[in-house]
Structures are given as structure tokens and as C-alpha cells.
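In the working numbering, the protein residues as written are 991 to 1585.
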């Protein structure tokens, strides 16, 4: 071996040895640091609270601050009263004091002092002042915020229209370099306001320079010019402005604005949309490639036209809140199923050039209906319809709910039937009924539209009136009162009961203790499956996930008319109930024979 090669090999061996030793030392150092940290944690547990290290206290204070509302400083102020050491650490931890509100108490100067140079979150949402001292205090707060506008990261203002316009005017002379989220709410009564009175005076060409980092914009009862450059960089855009006049909104400008939002991920729109059937927009489509969440609120035709012009990714979560005062104005055979992108399209296309983008309108195969007492944002009950393009087994954990329709109770009757017609129920093969309220629609009329349903999932408290409708219709067909034709779930094959309690009057010790809740009787279920078998529409599978008051003998009887019965194999019986009025029940309760 020549001397050069030998020297090179020797150097490589020395380098490898040194690197190995360095790695071993690093591992040893890491182990010692971890051990020291563990011992330090044990020491902290033995220290009195006024001797805890600053880093431990800072972590504690951060957790306390994260657990309370941003505007609630009560818990963190209580922390400063524990001892002088805690107070010094808390008052010098600037991120604890960075949320500024228009609190009527004189907190703002203290918060601004303690927050120092940290980024500020400003929320000015208190009711407008009616007396001069309160008005002057409010203006002083706004002046203090404006003087530190270069530190504001999030700004939320809710004021009557004149005040709101004044605040917006004050923003323009200065640049807000780090502002990322802006929320503006008009508190004035705008039920009869013209369109121009609710458009904020944003400088369309200069706005992007004034707020270069703005990514989230939320507007309530106010609007923005659709040509404003501020919209281009948004990832979150919410607008609720039903007072505006749709005739003043240019359809092309509206679609141009959406097309310009290249990074838009969250869109929530509740405005009087312009007619997108205009000749300039009739064949135009806009692809929102980055959209993750979409909520559209409006009348049926508005929602239909909007969804016809928009293409969204397959994973976008969509919520459509639709309503109509009367079903007369709803165009027949409209679709509210969004069109999903299947490729990597450009931002805009048209129906005349289908090769530039690939998209599909999936057919819905599964539907879950819930119309209970859950409230919407306006505080009234709503009906929700979750839809999937694949066949869903509702007895298993459900996949992501990427498509939801919502009907407010106020528009229940006039909104439910047009919505169901728009979903093309002839393709639904799997149906789930979680809860049902008759003020939205009659359950019998709804079930008549599901002509292709094979799998039905029901649970309490929906079971009784759902099974009543199906059983009564089966009896009518069996008695040849309906010309022998099935209209209610004619292709039903599988029934799954979530939670089911069979009626059993023998469990009640006296008539006064009879359960006021309504439950299905076993005879009703038997009449249904037996009648279907006689008519040649045999139920193939019945599954009980959580069943009460069902005996083994009854299960064996069901098996004679059903292809397969799935249940736990163990009888579960509700305990007898006692009333609080009759003497016999009171005596038995006192004796402890029945709880």
C-alpha cells in the first residue's frame, strides 16, 4: 500500500474513533441532564410555593390562563395575590396580559404596561356607552390601542354603524404590519338599510399594503367591496350580511373575488347572493383548491346556484343551511349536492371546456337524520341531515361527516320537503333516524320518499313512531287496502335498533307508576316482520345493540319470520317502578323490597 493511502486510512480511522467518542459523550450528557431534571422535579415538589423556580411558575400561569376565557383576568389576578414572588413572576410574564378589552374598569393601561412588547389581541365588544364619562373612557381605550397598532395581531370590534365606520377610518392612516385576524360587527338595526349603508369604507387598492399579514376576515351585518385586494391573501373569510341588496352585487365580481382567494381554507357565507344565472356567469365555475370548510346559508335557489358554480376538494367539510318561507318558490329538481374536484385543476374553468378540470357530483348513498332539541346559533331547534356517498353501517363508529344540511325550526315544514327532494332520495340505501320532531315534517310522508332504502337504523326515542308507520303500512298492504303495493320502505331488508326498550306493563306495581314514556310493544314488531314475510318482502336481519325487556322466547319467535337475529344473548329487564302516591308503593319502598 502506498504511503498516501495508508495515511488516508489512518486519518479516517481516527475520525471515526473521535466521532464515536463524541457520540458517546453526547448520550452520556443527555442521560445526566435528564437525571438532573428528574431530581430537580422532585426538589420542586418539596419546596414551599414562594421558592418555586420561575420556569415552573411560568408554566403554571400559562395553563391557568389557557383554561379561562381570554377576557377573564380573575384567575390570573388571584395568582398575583398569593405572594410577592408569584406576583413578580406573573406581572413580568407579558403574554398573560396581552388580551385587551374595553372593560369599563380602568384595566387597559395596566394591561398595556404588563404586556410590554408582546403581540396584542384586542376585543372591543361591550355595548356602546350612553353617558359621556363612559364614552370618553371608550375613546381613550381606542386611542391607546391605535398608538400600539403595530403590536396588534387580532382585532375584534362590535359597534353601531356610525362608530364602526369611524373606527375603520382611524385604521387607514397607519400600517398594521402583524394583524392576522380582523372581525367587524355592525350592531345597528339594519332590517331596512340599503346596500350602500353596510359596505365598509375599505380602500380597495391600498388595503393590502396597510394589512399585509391579514389572513382572517369576519364581517357581521356589514360588507366589503368585492374588488378589494384585501381578500386575496385570506385563508378564513366569514360574512353574514342579509341586509344588502343583491341587485347591487355584480355576479362576475363576486366570482372574481372567490377566484382570487387562492389560499382560502374556511368560507362561511350568509348574504343575499346575486343571481348566478347571468349570461356572464352561467357557464363559469370556480375551483377552491385549498378549501377545508364551507358553510353556505340562504334560500334553496341561492344555495343551488352557488354550489353549481363552485368546485371543492373531496375532503372539504360542507354545511348547507337552507330555508324558504314557502315551498312555492323552490324550483323543482334542483340539486344541493356539492361538486367535488377529482384532479389538480386550475382556479377557474367553464362547462364549455371540460378538459381543463376534472370534477364529479357524487351520488348520496347514506343519510342520517337528526331533528331534536339541539339549538342553532340563533337559539332555535334545527334539523340536521348528514350524507355520505358510500354505504354506511350505522351500528359502527361513523366516518367523518363531510356533508351536512341544516333546516331551522322556523322553516321546518317549508324547508324539509324541498331539501329531501334535492338530495335525490332514490339513491339512498342506508338510513339512520336518531331523533325526530313532527314540527319539521310528518315521519310517514318522509319515509314514503325512501324507495331504495335497504338498511334502517333507529334508536330511542324515534323507534315508536317510526315502527308504527312501517307496521301500519304493512298491515294495510296485507289487508289489500293499498292495492298490495308497498310505498313505505318497499326494499327494506335490515333493521338495526340502537337503544330499544320494549313495552312491558307487568313491570309496574300500580297504574299510577306506569311509565309515561312511550315504547314499542313486541307485538308491533312481530306484526311488522310477520306481515313482510307473508308479502314476500322478508326482513333479512334484525340487530339489537342495546335492548331491554326482550326475552329469549321472543327472540326465538322472531327467528321464525326473520332471516337472522343478532343480539347479546342476555336478557335485560328494567326494574319495577313505584309511584309516590299510593300507600302500598310507599310501604314497599320503606321496606326496601323495591328501589
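Cβ atoms here follow ideal geometry from the backbone N, Cα and C, with glycine treated the same way. Quick caveat, the model's predicted, so the values are computed rather than measured.
Residue environment, residue i, which counts as buried when at least 16 other CB atoms sit within 10 Å
i, result
"residue 1330", "buried"
"residue 1110", "buried"
"residue 1416", "exposed"
"residue 1179", "exposed"
"residue 1018", "exposed"
"residue 1142", "buried"
"residue 1295", "buried"
"residue 1374", "buried"
"residue 1071", "exposed"
"residue 1522", "buried"
"residue 1422", "buried"
"residue 1539", "buried"
"residue 1004", "exposed"
"residue 1431", "buried"
"residue 1125", "exposed"
"residue 1292", "buried"
"residue 1520", "buried"
"residue 1145", "buried"
"residue 1096", "exposed"
"residue 1587", "For residue 1587 there is no data in the structure shown, the boundaries of the chain being 991 and 1585."
"residue 1057", "exposed"
"residue 1424", "buried"
The alpha helix (DSSP H) enclosing residue i, as first and last residue numbers
i, result
"residue 1075", "1074-1081"
"residue 1129", "1122-1137"
"residue 1425", "Note, residue 1425: premise wrong, no alpha helix (DSSP H); beta strand (DSSP E) at 1420-1425."
"residue 1435", "1433-1437"
"residue 1463", "1453-1468"
"residue 1446", "Where residue 1446 is concerned, there is no enclosing alpha helix (DSSP H), although the beta strand (DSSP E) it sits in stretches over 1445-1448."
"residue 1534", "That residue, residue 1534, is in no alpha helix (DSSP H); its beta strand (DSSP E) goes 1531-1538."
"residue 1556", "Per DSSP, residue 1556 belongs to no alpha helix (DSSP H); it is in the beta strand (DSSP E), 1554-1556."
For residue i, three-class secondary structure by DSSP
i, result
"residue 1251", "coil"
"residue 1607", "Since the first and last residues shown for the chain are 991 and 1585, residue 1607 lies out of range."
"residue 1256", "strand"
"residue 1544", "helix"
"residue 1290", "helix"
"residue 1063", "coil"
"residue 1298", "helix"
"residue 1262", "coil"
"residue 1406", "helix"
"residue 1329", "strand"
"residue 1112", "strand"
"residue 1007", "helix"
"residue 1510", "coil"
"residue 1188", "helix"
"residue 1358", "strand"
"residue 1084", "helix"
"residue 1283", "strand"
"residue 1528", "coil"
"residue 1274", "strand"
Residue i vs residue j beta-carbon contact at 9 Å
i, j, result
"residue 1324", "residue 1309", "no"
"residue 1220", "residue 1198", "yes"
"residue 1534", "residue 1479", "no"
"residue 1148", "residue 1175", "yes"
"residue 1090", "residue 1112", "yes"
"residue 1205", "residue 1247", "no"
"residue 1441", "residue 1481", "yes"
"residue 1254", "residue 1281", "yes"
"residue 1361", "residue 1353", "no"
"residue 1209", "residue 1224", "no"
"residue 1306", "residue 1284", "yes"
"residue 1231", "residue 1211", "yes"
"residue 1557", "residue 1545", "yes"
"residue 1525", "residue 1486", "no"
"residue 1590", "residue 1358", "Residue 1590 lies beyond the stretch modelled for the chain, which goes from 991 to 1585, so this question has no answer here."
"residue 1464", "residue 1426", "no"
"residue 1454", "residue 1510", "yes"
"residue 1396", "residue 1312", "yes"
Residue i, enclosing beta strand (DSSP E) - first and last residue
i, result
"residue 1146", "1142-1149"
"residue 1475", "Premise fails: residue 1475 is in no beta strand (DSSP E) and is neither H nor E."
"residue 1176", "1171-1176"
"residue 1489", "1484-1491"
"residue 1396", "1393-1398"
"residue 1309", "1307-1313"
"residue 1090", "1089-1091"
"residue 1348", "Counting along the chain, residue 1348 falls outside any beta strand (DSSP E), and DSSP gives it neither H nor E."
"residue 1104", "Per DSSP, residue 1104 belongs to no beta strand (DSSP E); it is in the alpha helix (DSSP H), 1098-1105."
**Request:** Just list the alpha helix (DSSP H) runs in the stretch 1191-1247, keeping only unbroken ones of 4 residues or longer that don't cross its boundaries, in chain order.
**Result:** 1197-1200
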